Amino acid sequence: MTNRFNYPTDREAHNAARAKALQALLIEKGVITSSTVDTVLQVFETKMGPFNGAKVVARAWVDPAFKERLITDTTAAVAEVDGLPDVMTGAEGEHMRAVANGPGVHNLIICTLCSCYPWPVLGLPPYWYKDPTFRSRAAREPRAVLKEFGLDIPTSTEVKVWDSSAQIRWFVVPERPDGTDGLGEEELAALVTPESMMGVAVATAA
Amino acid sequence: MNGAHDMGGMHGMGPIDTDPNDPLFHAEWERRAFAVTLALGFHGRWNIDTSRHARENRHPLDYLGSSYFELWFKAVEKLALDTGLMTADEVATGTPAALADTPPPNPERVAAILRKGVSAKLPDTVPPRFQVGARVLVREVTTPRHTRVPRYCRGRTGVIDRDHGVYVFPDTHAHGEGVKPQHCYSVRFTGQELWGDTAPARDAIYIDLWDDYLEPAP
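Chains as they are written, first to last, in our numbering: chain A, 1 to 206; chain B, 207 to 424.
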């Protein structure tokens, strides 16, 4: 009989050894090269990340017409933003859709089936986003979950949850914080956290 | 499939485990598992839907008892074995019995594909079955195969909020049965429709669903 709870006691060391052995085998066999692996990591560790999303949101905060385009045709609008790397419609960003918070509306992005996330604007998702707890609870009780993140959403505000069940990758345009009137795009971008673009936080003035 | 991955609405989970300094990878092996998974995908022997199914189609205790990147590792090992990129003997011995029968993906091509992405959108040659504003019922269909209908919305009624256009249909694509072009919509469900009267009256969940999952609401 299979013992399904029989994990190796040195589980992490076991995983490390297996992953290393698999990579070595595949390289020796000529299935991949180490530069293939390095190329993949380089894209995710240097080009895709929430620093891109922050620039997009900051632009939306200073330019209402851009914000409108960002909501109606997200990928085309993102392509307008200067200073972004050449990966913005790349892996897991082919079909992005932005949704905007506003008076009386708060948006939250989830993926109950796996871990879908807009990699070009937000990078790879944090662990809690992929974890069973967030995936199960955010669908059923988003307000309780948001409260754990420190957000108390008034009952008069509509909570909209976006379950990324297809190839569409959703992200949130948070509201521009009060008291930021004099700030330029670069200073505003510094206020845009990844959490605010997932909807588990709001952007606040520094 | 009614697998352990389909988690929307499950109970008993406790508080969200957040970490403000959460790194992308908790260990070097996770980084390897992630990169090797993507690198092997460039052989074109499977697609995103096949690889999702490989992660999900396992005993629930195995799914729930595995960490996120353990699931990735188990799936990529299975896919590489199933498609002949390596053999079980080679994994056991750690030594190639033969060189690969196709060349390794070229790093420049890999970089270009990651930059440009792989579109799941198809030419708009199929008419939508539903218009924005239409009331739809999610078909009460269960299948042991791959699907992207979360079970928490099956048999429930929603409203088409927007039409995303024509997309690859994962339920056939995951099994090598073609892309079966059809419209995919964002469908709005009230919280009360999904979770009952105790859900806040104003809240809603939007789920992306394909034509084949839907029928007109009575």
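We put the beta carbon where it would ideally sit given N, CA and C, even for glycine. Just so it is clear, the structure is predicted and the values come from calculations on it, not from any experiment.
Inset, instruction - State the start and end residues of the unbroken beta strand (DSSP E) segment that holds residue 364 of chain B. - result: Working through the second sequence from its first residue, we reach residue 364 of chain B at position 158. It spans 363-373 - the beta strand (DSSP E) in which residue 364 of chain B sits, taken as one unbroken run.
Inset, instruction - Using 6 Å as the cut-off, classify the Cβ of residue 338 of chain B as near or not near the heavy atoms of the ligand NAP, replying yes or no. - result: In the structure shown, the ligand NAP is absent, as is every other ligand, since no ligand is present at all.
Inset, instruction - Taking residue 296 of chain B as the query, report the chain A residues whose CB atoms sit under 8 Å from its CB, ordered along the chain. - result: As a working mapping, residue 296 of chain B is identified with position 90 in the second sequence. Simply 25, 29.
Legend entry - For residue 207 of chain A, the three-state DSSP class (helix, strand or coil): Limits of chain A in this structure are 1 at one end and 206 at the other, which puts residue 207 of chain A out of reach.
Inset, instruction - Note down, in chain order, each residue of its chain lying with its Cβ closer than 6 Å to the Cβ of residue 118 of chain A, except the 5 sequence neighbours on either side. - result: Translated into the one-based positions of the first sequence, residue 118 of chain A becomes position 118. Here the set comprises 93, 96, 169, 171.
Inset, instruction - Might you give, ordered along the chain, the residues of its own chain that have their beta carbon closer than 7 Å to the beta carbon of residue 138 of chain A, omitting 5 neighbours on each side? - result: One-based indexing of the first sequence puts residue 138 of chain A at position 138. Around residue 138 of chain A: 108, 110, 145, 161.
Inset, instruction - Would you mind working out which of A:28, A:20, A:49 sits nearest residue 241 of chain B, comparing C-alpha positions? - result: Taking the second sequence and counting its residues from 1, one reaches residue 241 of chain B at position 35. When only C-alpha atoms are compared, the closest one is A:20.
Inset, instruction - Compare the C-beta of residue 242 of chain B with all C-beta atoms of chain A and state if any pair is closer than 7 Å. - result: As a first step, residue 242 of chain B is located in the second sequence; it is residue number 36 there, counting from the start. Judged by the 7 Å Cβ criterion, residue 242 of chain B is in contact with chain A.
Inset, instruction - Could you pull out every unbroken alpha helix (DSSP H) segment of at least 4 residues lying fully inside the segment 52-76 of chain A, listed in chain order? - result: 64-72
Legend entry - Residue environment, residue 99 of chain A, which counts as buried when at least 16 other CB atoms sit within 10 Å: As a first step, residue 99 of chain A is located in the first sequence; it is residue number 99 there, counting from the start. The residue is buried, with at least 16 neighbouring Cβ atoms inside 10 Å.
Legend entry - Pairwise C-alpha distance: residue 354 of chain B and residue 51 of chain A: Taking the first sequence and counting its residues from 1, one reaches residue 51 of chain A at position 51. Taking the second sequence and counting its residues from 1, one reaches residue 354 of chain B at position 148. Approximately 30 Å between the Cα atoms of the pair.
Inset, instruction - List the residues of chain B that residue 37 of chain A touches, going by C-beta distances under 7 Å, in chain order. - result: Translated into the one-based positions of the first sequence, residue 37 of chain A becomes position 37. Residues of chain B passing the Cβ test: 241, 242, 245.
Legend entry - Of the listed residues A:189, A:129, A:181, nearest to residue 164 of chain A (C-alpha basis): The count along the first sequence starts at 1 and reaches residue 164 of chain A at position 164. Ranking A:189, A:129, A:181 by Cα distance to residue 164 of chain A puts A:129 first.
Inset, instruction - Output yes or no for whether 7 Å exceeds the beta carbon distance between residue 122 of chain A and residue 194 of chain A. - result: As a first step, residue 122 of chain A is located in the first sequence; it is residue number 122 there, counting from the start. As a first step, residue 194 of chain A is located in the first sequence; it is residue number 194 there, counting from the start. Cβ atoms of residue 122 of chain A and residue 194 of chain A: closer than 7 Å.
Inset, instruction - Check the Cβ of residue 130 of chain A against every Cβ in chain B and list those closer than 7 Å, keeping chain order. - result: Your numbering for residue 130 of chain A matches position 130 in the first sequence. Residues of chain B passing the Cβ test: 274.
Inset, instruction - Please check if any C-beta of chain B sits within less than 7 Å of the C-beta of residue 122 of chain A. - result: Sequence index remark: in the first sequence, residue 122 of chain A carries index 122 (1-based). Taking Cβ atoms only, chain B never reaches closer than 7 Å to residue 122 of chain A, which makes this a no.
Legend entry - CA-to-CA distance, residue 17 of chain A to residue 11 of chain A, given in whole angstroms: Here residue 11 of chain A refers to the residue found at position 11 of the first sequence. Here residue 17 of chain A refers to the residue found at position 17 of the first sequence. Distance between the alpha carbons of residue 11 of chain A and residue 17 of chain A: 10 Å.
Legend entry - Distance between residue 292 of chain B and residue 112 of chain A (C-alpha atoms, nearest Å): As a first step, residue 112 of chain A must be located in the first sequence, where it is residue number 112. As a first step, residue 292 of chain B must be located in the second sequence, where it is residue number 86. Approximately 32 Å, taken between the alpha carbons.
Legend entry - Cβ-based neighbour list, residue 27 of chain A, same chain, cut-off 7 Å, excluding 5 preceding and 5 following: Counting from one through the first sequence, the residue named residue 27 of chain A turns up at place 27. Excluding residues within five positions, the ones whose Cβ falls inside 7 Å are 33, 34.
Inset, instruction - Just the chain B side, please: which residues come within less than 9 Å of residue 78 of chain A by C-beta, in chain order? - result: For the purposes of this step, residue 78 of chain A is taken as the residue at position 78 of the first sequence. Chain-order list of chain B residues neighbouring residue 78 of chain A: empty, with the shortest C-beta distance near 12 Å, by a criterion of under 9 Å.
Inset, instruction - Return the CA-CA distance between residue 207 of chain A and residue 262 of chain B, expressed in angstroms with no decimal places. - result: Not covered by the structure: residue 207 of chain A. The range shown for chain A is 1 to 206.
Legend entry - Under 9 Å from the C-beta of residue 317 of chain B: neighbouring residues of chain A: One-based indexing of the second sequence puts residue 317 of chain B at position 111. Result: 39, 40, 42, 43.
Inset, instruction - Could you list the residues in the segment 275-293 of chain B with a C-beta less than 9 Å from some C-beta on chain A, going in chain order? - result: Hits within the stretch, in order: 275, 276, 279, 282, 283, 286, 291, 292.
Inset, instruction - Report yes or no: is there a C-beta of chain B within less than 7 Å of the C-beta of residue 162 of chain A? - result: In the first sequence, the residue the question calls residue 162 of chain A occupies position 162. Chain B, which has a Cβ nearer than 7 Å to the Cβ of residue 162 of chain A, makes this yes.
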